[in-house]
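J.: Protein chains in written order, with the working numbering: chain A, 4 to 307; chain B, 2 to 504; chain C, 129 to 409.
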Amino acid sequence: MAYFLQQLINGLTLGSMFGLIAIGYTMVYGIIGMINFAHGDIFMIGGFIAIIAFMTLGLAGITWMPLALLCILILAMAFTALHGWTVERIAYRPLRGSNRLAPLISAIGMSIFLQNYVQLLQGARNKALPPVIHGSIELMDVDGFTVQLGYLQIVIMLLTVVLMIGLTLLITRTSLGRQQRACEQDMKMASLLGVDVDRTIALTFVMGAGLAAVAGLVWLMYYGVIDFFVGFMAGIKAFTAAVLGGIGSLPGAMLGGILIGLIDTFWAGYFSSDYKDVATFAILVLVLIFRPTGLLGKSDVEKV
Amino acid sequence: MSSTSAAPPPAVMPPATAQPRRAALALIVKDALVIGAIALALAIPLVGFKTVDRGSTTLLETRFGPMLCGVSVIALGRLAFSLINAGYTRTVFTVAATLASAWPLAVILGAAPKGWLPLAWMSWLVALSLALRAAYVVWSERAAAGGNLAPGERMAATVQRLSAFIAPVLIAFAVAMPMLPLADQRWVDLGILVLTYIMLGWGLNVVVGLAGLLDLGYVAFYAVGAYSFAIFAKTFALNFWEALPIAGLLAATFGVLLGFPVLRLRGDYLAIVTLGFGEIVRVVLLNWSDLSNGPKGIGDIPRPSFFGMPFSAAPPAGVTSFHQWFSQHLWEVSFSPIQRAIYLYYIILALALLTNWFTLRIRKLPISLAWEALREDEIACRALGINPTSTKLTAFAIGAMFGGFAGAFFATRQGFISPESFNFMESAIILAIVVLGGMGTQIGVVIAAILLIGGPEWFRDLESYRMLAFGALMVLIMIWRPRGLLAFREPTLRLKPVSAKSP
Amino acid sequence: MTAALLTVEHLTMRFGGLVAVDDVSFTAIDRQITALIGPNGAGKTTVFNCVTGFYRPRVGRLALRAADGHEFLLERMDGFRIAQQARIARTFQNIRLFPRMSVLENLMVAQHNRLMRASGYTLVGLFGLGVYRRAREAALERARYWLDRVHLLDRADDEAGNLPYGAQRRLEIARAMCTEPVLLCLDEPAAGLNARESSELNELILFIRDAHQIGVLLIEHDMSVVMKISDHIVVLDHGRKLADGNPAAVRSDPSVIRAYLGEEEDEELPAEVARDLGVRS
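(1) What ranges does the alpha helix (DSSP H) occupy inside the region 178-225 of chain A, keeping only unbroken runs of at least 4 residues that lie completely in it?
(2) For chain B, check one thing: does any of its Cβ atoms lie closer than 9 Å to the Cβ of residue 89 of chain A?
(3) Specify the secondary structure class of residue 18 of chain A as computed by DSSP and reduced to three states.
(4) Between the beta-carbon of residue 220 of chain C and the beta-carbon of residue 137 of chain C, is there less than 9 Å?
(5) Taking C-beta to C-beta, are residue 296 of chain C and residue 223 of chain C nearer than 9 Å?
(6) Do we get a CB-CB distance below 9 Å when we pair residue 158 of chain A with the residues of chain B?
(7) I'd like to know if residue 50 of chain B contacts chain A, where contact means its C-beta is closer than 9 Å to some C-beta of that chain.
(8) Distance, Cα to Cα, residue 230 of chain A vs residue 47 of chain A?
(9) For residue 61 of chain B, collect the residues of the same chain with a Cβ closer than 8 Å to its Cβ; drop the 5 residues on either side in sequence, then sort them by chain order.
(10) With contact counted as at least three CB pairs below 8 Å, one residue from each stretch, are the region 381-389 of chain B and the region 201-208 of chain B in contact?
(11) Whole angstroms are fine: how far does the CA of residue 227 of chain A sit from the CA of residue 38 of chain B?
(12) Go ahead and label residue 202 of chain A buried or exposed: buried means 16 or more other beta carbons lie within 10 angstroms of its beta carbon, across all protein chains shown.
(13) Quick one: which residues of the region 232-244 of chain C get their C-beta closer than 7 Å to a C-beta of chain B? List them in chain order.
(14) Would you mind listing the beta strand (DSSP E) stretches within the region 316-367 of chain C that are 3+ residues and don't spill past its ends, in chain order?
(15) Rounded to the nearest angstrom, what separates residue 194 of chain C and residue 268 of chain C at their Cα positions?
(16) Helix or strand or just coil, what does DSSP make of residue 267 of chain B?
(17) For the region 374-405 of chain B, which residues have a CB atom closer than 8 Å to at least one CB atom of chain C, in sequence order?
(18) Give me the chain B residues within the contact set of residue 247 of chain C, using Cβ-Cβ distance strictly less than 7 Å, ordered along the chain.
(19) Taking 8 Å as the cut-off, is the beta-carbon of residue 201 of chain A closer than that to any non-hydrogen atom of the ligand MG?
(20) By a C-beta neighbour count over all protein chains shown, 10 Å radius and 16 as the cutoff for buried, is residue 18 of chain A buried or exposed?
(21) Check this for me: beta carbons of residue 215 of chain B and residue 155 of chain A, under 9 Å apart or not?
(22) Is there a C-beta anywhere in chain B that falls below 9 Å from the one on residue 74 of chain C?
(23) When you compare each of B/361, B/251, B/221 and B/395 to residue 423 of chain B by their alpha carbons, which one comes out closest?
(24) Please work out which residues of its chain come closer than 7 Å, Cβ to Cβ, to residue 13 of chain A, disregarding the five sequence neighbours upstream and downstream, and give them in chain order.
(25) Listed in chain order, which residues of the region 129-145 of chain B have Cβ atoms closer than 9 Å to some Cβ of chain A?
(26) Tell me whether residue 138 of chain C sits in a helix, a strand or coil according to DSSP, three-state version.
(27) Rounded to a whole number of angstroms, what is the C-alpha to C-alpha distance between residue 396 of chain B and residue 266 of chain B?
(28) At the 9 Å Cβ level, is residue 288 of chain B part of the contact set with chain A, yes or no?
(29) Going by the CB atoms, is the gap between residue 344 of chain B and residue 38 of chain A shorter than 9 Å?
(30) Quick check on residue 140 of chain A: buried or exposed, where buried means 16 or more other Cβ atoms within 10 Å of its Cβ?
(31) Can you name the residues of chain B whose CB is closer than 8 Å to the CB of residue 101 of chain A?
(32) Which term fits residue 310 of chain A, buried or exposed, when burial requires 16 or more other beta carbons within 10 angstroms of its beta carbon?
(33) Would DSSP call residue 221 of chain C helix, strand or coil?
(34) If you reduce the DSSP assignment to three classes, tell me which class residue 184 of chain C lands in.
(35) Tell me, please, whether the CB atom of residue 257 of chain A is closer than 9 Å to any CB atom in chain D?
(36) For a contact meaning CB atoms closer than 7 Å, what does residue 465 of chain B contact in chain A?
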């Protein structure tokens, strides 16, 4: 029971991170119908920028954690968002409206490029960060097994909740959000009504990248290490989460992320960690075959 | 932002009066400065700073010098690019071409300091691209005055039409290559490597190029072929030619099993799912030690023998080795590792040519037309009674079979296989070869494989830049020619030649 | 009196809460032209899509009787099998050609199944054996025949997407006929055609019925086509069948007139509508 609870806590934390990345996938798919294959690598870039920001601030003498964290959060989000914007501008916008394979291949190329870009610039080895937020709350102690809820875990989950609320408010209450929803439903009509479609799409990428940056930052703090290849697997899992939750649905992405995080953690905890990636892929395949609209997505009738 | 895409380049405007010209120039400079600012903002975190590992801790170094230079190169490049479009084509061409020719000399002469080498290469690339772009603009203006095809399309059409002539020449060269005086072990090995990728490219081409199914997990069939060959050959003491069909058959079966549930999915989803399958295969091979011996891999895979005669310096008693047989019947040779290499070379050449023959034949059959029709409009195909699933599965199985053959060859050539050789990067490279070469064209795959595999092997020290270049090339070629460099569709060439023209 | 070809019994199709087709039954007779008409939203295309396998109705029986008497139950068949086995061919409201393939290639794709069998499902064809070559020649002949009928012979190698609209419509019908169907379903074949093209279309459809002796089911809004060539008309409105009979009966049916023009019975019909319906105003 205690073990279960611990895995639950760990799974929720991991799931929050996946959810943040998954939102990027789902928003982009919702608006232009393409899988941003490079999104996982944007997350990785967020992590790298975070660690560099950490070290820079450390050298500059800012060590009071809450302030430093806030600065790093802003820096990471800003720079990563810029990367996301640039990727869209260079690799996707020229291909809007061409056949379906071209943007996907361009995205794959971009993903490979980003991975190697970071690898060449920063080196292929893992980059380590000493633990920043220590300590935990002891929840219960059963037969010598202590269930711990780390302060970092609390921070991660709280941060995720705040961002979700903020994003939902943005989408439902602001003009930008309305424009985005309009573009999702009927891009031609939206542009005829005066919505700047290019800008809306760019902003979607920017938002997704910003959230991925947060995920990168907390991933770095949680695991203490970041490397140039982490985006590949995390990206696939986050995409699975987006599909599971219902591609195009924001709460679906977060729900899917949490589910995948839980499955990942429980599988490794109770079976073996060897095949946990296989478990995620299997879920992806099964969902796409049997319920392609995911848990919270809408059913799509083919109009002939 | 001005044009970068596949739209035909604007015609050169005659020099207008001074005022608008100055204003236009001011705009161009402002644009370049904006680009420079964006590049700077992008570069600061990852280029300006470098994380360095010292033992188990990470330290920070700065690289502001190269960063600022790199950003300036980008801004200048943008400026020059805009100037080309604004009509200063010849000026830009002269400057860029001079720089492009000067840089490599400087590098070769060692004039560039070590840490600045990547920057030097980047600047050279920018200069070269500008020179090429300027030349292209001039050429396509001349072309626009003449024919009605964009130069990219004309080049593709020309190469395709000439392929009837190019192909025999290439084949003759390929056959003769190991016999040429220059050919040493390195060349033969390179030839084997390139031919392997050509075969893989042709195999994937059936799936992606002809049937339009984006398979990101093609390496799974390569792996199935290699491992099934290794296991069968070792367990049942089969030789290469006996185990080869088994490998192909198993791979094709695997293809059908994999394809059946997923082929109804839409393009992007299919891509991700096949990627997932590729990874599943790799992870299973890594962990199912009973079957695959895990990360240690399988070694001592039987090497091919020449009609029963092994390629070894000291064969066991009663067995004639190849060099002994050769010495008895032809002329005296001593044992050399290159003999087996040459034999392997001809095997892969034969396999590749088989793949090619198969593809060319199948393009004349109805299934190939059905693949194209499915790509264009699946709903219409269903209304015509075409079974989409079995049609797609056929493509998948054929592609998988050839991947399996290539895998078997890989196993016997290396003598040792491990799951590490079968990762997503391999799938991506093979996909890049198919895509960059021109989806659906045989000659395109050959050229792409020679450039993408052969090229970096020559420039060994640029190895780490190879994948970077792959990625960048994939993006650039998609933007310029979304259907691949040499893709050009000619119906009458491919179709039954007798069109219903009235006599 | 020839036999019933397609029997639709109690067909009901729901999309979520919306009932698109409500308990519709009718029969299409072999070697006759049956027209499905009705105002927009009446459910005609939905019926079509159920018959041709693009929707799966949960309620209803759709039976196609083949020449040998065997009945195909369409509501249980996969979309493509309806075309392949029951031999029902269709065209689409929005024209679905293969735009980047040539006109001739479009017609060859239609003959795919026959060619596949002849090529031994690709295996035999790989080695270029005679049986496949002969089948291919026959297929080319059939394609030429239909190109001739629809006057597209001289455009056989042009890209289908480059044809003018009327030619594309004719090509789609030719392509459907190349599958050698027993029932041809046409979804608004006259949409967007001018008067001359419409009358050529009438000739083509009549030719198909008479020379090839198959049944035709057609959805149409253009009354000049419907009234001139149909043997039998079924009228739908709001998902239900309003009337079912020969053209004379249908055009004078007051509920039909009301459905098209609204509740005001004593209003005079506009001249063109009256002329089309053949009603004296």
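Note that CB positions come from ideal geometry on N, CA and C, so glycine has one too.
It should be emphasised that the depicted structure is a prediction, and the values quoted were computed from it without experimental measurement.
T.: The answer reads as follows:
(1) Taken in chain order, the whole alpha helix (DSSP H) runs of length 4 or more contained in the region 178-225 of chain A are 178-188 and 190-195.
(2) Counting from 1 along the first sequence, the entry for residue 89 of chain A is found at position 86. Cβ-Cβ to chain B under 9 Å: yes for residue 89 of chain A.
(3) In the first sequence, residue 18 of chain A corresponds to position 15, counting from 1. Reduced to three states, the DSSP call for residue 18 of chain A is helix.
(4) One-based indexing of the third sequence puts residue 220 of chain C at position 92. One-based indexing of the third sequence puts residue 137 of chain C at position 9. Contact: no.
(5) Here the question's residue 296 of chain C lines up with position 168 in the third sequence. Here the question's residue 223 of chain C lines up with position 95 in the third sequence. Closer than 9 Å, so yes.
(6) Sequence index remark: in the first sequence, residue 158 of chain A carries index 155 (1-based). No Cβ of chain B is located within less than 9 Å of the beta carbon of residue 158 of chain A.
(7) Residue 50 of chain B sits at position 49 when you count from the first residue of the second sequence. Output row for residue 50 of chain B: interface = yes.
(8) To locate residue 230 of chain A, count along the first sequence from 1; it is residue 227. To locate residue 47 of chain A, count along the first sequence from 1; it is residue 44. Rounded to whole angstroms, residue 230 of chain A to residue 47 of chain A spans 8 Å at the Cα level.
(9) Counting from one through the second sequence, the residue named residue 61 of chain B turns up at place 60. Taking C-beta separations shorter than 8 Å and ignoring five residues to either side along the sequence, the partners of residue 61 of chain B in its chain run 50, 51, 52 and 53, following chain order.
(10) The region 381-389 of chain B is not in contact with the region 201-208 of chain B.
(11) Counting from one through the second sequence, the residue named residue 38 of chain B turns up at place 37. Counting from one through the first sequence, the residue named residue 227 of chain A turns up at place 224. Taking C-alpha positions only, residue 38 of chain B is separated from residue 227 of chain A by approximately 32 Å.
(12) Here residue 202 of chain A refers to the residue found at position 199 of the first sequence. Here residue 202 of chain A is exposed. Its C-beta has fewer than 16 other C-beta atoms within 10 Å.
(13) Those residues of the region 232-244 of chain C that come within reach of chain B (Cβ to Cβ, closer than 7 Å) are 232, 233, 236, 237, 238, 240, 241, 243 and 244.
(14) For secondary structure counted as the beta strand (DSSP E) over 3 or more consecutive residues, the region 316-367 of chain C holds these complete runs in sequence order: 343-347 and 360-365.
(15) Position 66 of the third sequence, counted from the start, is the residue given in the question as residue 194 of chain C. Position 140 of the third sequence, counted from the start, is the residue given in the question as residue 268 of chain C. Rounded to the nearest angstrom, the two C-alpha atoms are 26 Å apart.
(16) Within the second sequence, numbered from 1, the residue matching residue 267 of chain B stands at position 266. DSSP places residue 267 of chain B in coil when its eight states are reduced to three.
(17) Under the 8 Å Cβ criterion, the region 374-405 of chain B contributes 374, 377, 378, 380, 381, 382, 383, 384, 385, 386, 387, 388, 389 and 395.
(18) Residue numbering aside, residue 247 of chain C sits at position 119 when the third sequence is read from its first letter. Going along chain B in sequence order, the residues near residue 247 of chain C (Cβ under 7 Å) are 366 and 367.
(19) Ligands are entirely absent from the displayed structure, and the ligand MG is therefore not among its contents.
(20) Translated into the one-based positions of the first sequence, residue 18 of chain A becomes position 15. Under this definition residue 18 of chain A is a buried residue.
(21) Locating residue 215 of chain B in the second sequence gives position 214, counting from the first residue. Locating residue 155 of chain A in the first sequence gives position 152, counting from the first residue. The answer is no: Cβ separation not under 9 Å.
(22) Examination of residue 74 of chain C is not possible in this model, given that chain C is present from 129 through 409 alone.
(23) The residue given as residue 423 of chain B occupies position 422 in the second sequence. When each option's Cα is compared against that of residue 423 of chain B, the closest is B/221.
(24) Here residue 13 of chain A refers to the residue found at position 10 of the first sequence. For residue 13 of chain A, where only same-chain residues beyond five positions count, the Cβ hits under 7 Å are 268.
(25) For the region 129-145 of chain B, which is checked against every Cβ of chain A, not one residue is closer than 9 Å.
(26) Here residue 138 of chain C corresponds to residue number 10 of the third sequence, with the count starting at 1. In the three-state reduction of the DSSP assignment, residue 138 of chain C falls in the strand class.
(27) Looking up residue 396 of chain B in the second sequence gives position 395. Looking up residue 266 of chain B in the second sequence gives position 265. Rounded to whole angstroms, residue 396 of chain B and residue 266 of chain B show a C-alpha spacing of 15 Å.
(28) Along the second sequence, one-based indexing puts residue 288 of chain B at 287. Yes - at least one Cβ of chain A is within 9 Å of the one on residue 288 of chain B.
(29) Against the first sequence, residue 38 of chain A aligns to sequence position 35. Against the second sequence, residue 344 of chain B aligns to sequence position 343. No, the pair does not count as a contact, with Cβ atoms beyond the cut-off.
(30) By one-based count along the first sequence, residue 140 of chain A stands at place 137. Counting every other CB atom within 10 Å of its CB across the protein chains shown gives residue 140 of chain A a total below 16, marking it as exposed.
(31) Translated into the one-based positions of the first sequence, residue 101 of chain A becomes position 98. The answer, in chain order, is 483.
(32) Outside the shown range of chain A (4 to 307) lies residue 310 of chain A, about which nothing can therefore be said.
(33) Position 93 of the third sequence holds residue 221 of chain C. Note: residue 221 of chain C maps to coil in three-state DSSP.
(34) Position 56 of the third sequence, counted from the first residue, corresponds to residue 184 of chain C. When DSSP states are grouped into helix, strand and coil, residue 184 of chain C belongs to the coil group.
(35) Protein chains A, B and C are contained in the structure displayed, whereas chain D is not.
(36) To locate residue 465 of chain B, count along the second sequence from 1; it is residue 464. Identification of chain A residues near residue 465 of chain B by a Cβ-Cβ cut-off of 7 Å yields 123, ordered along the chain.
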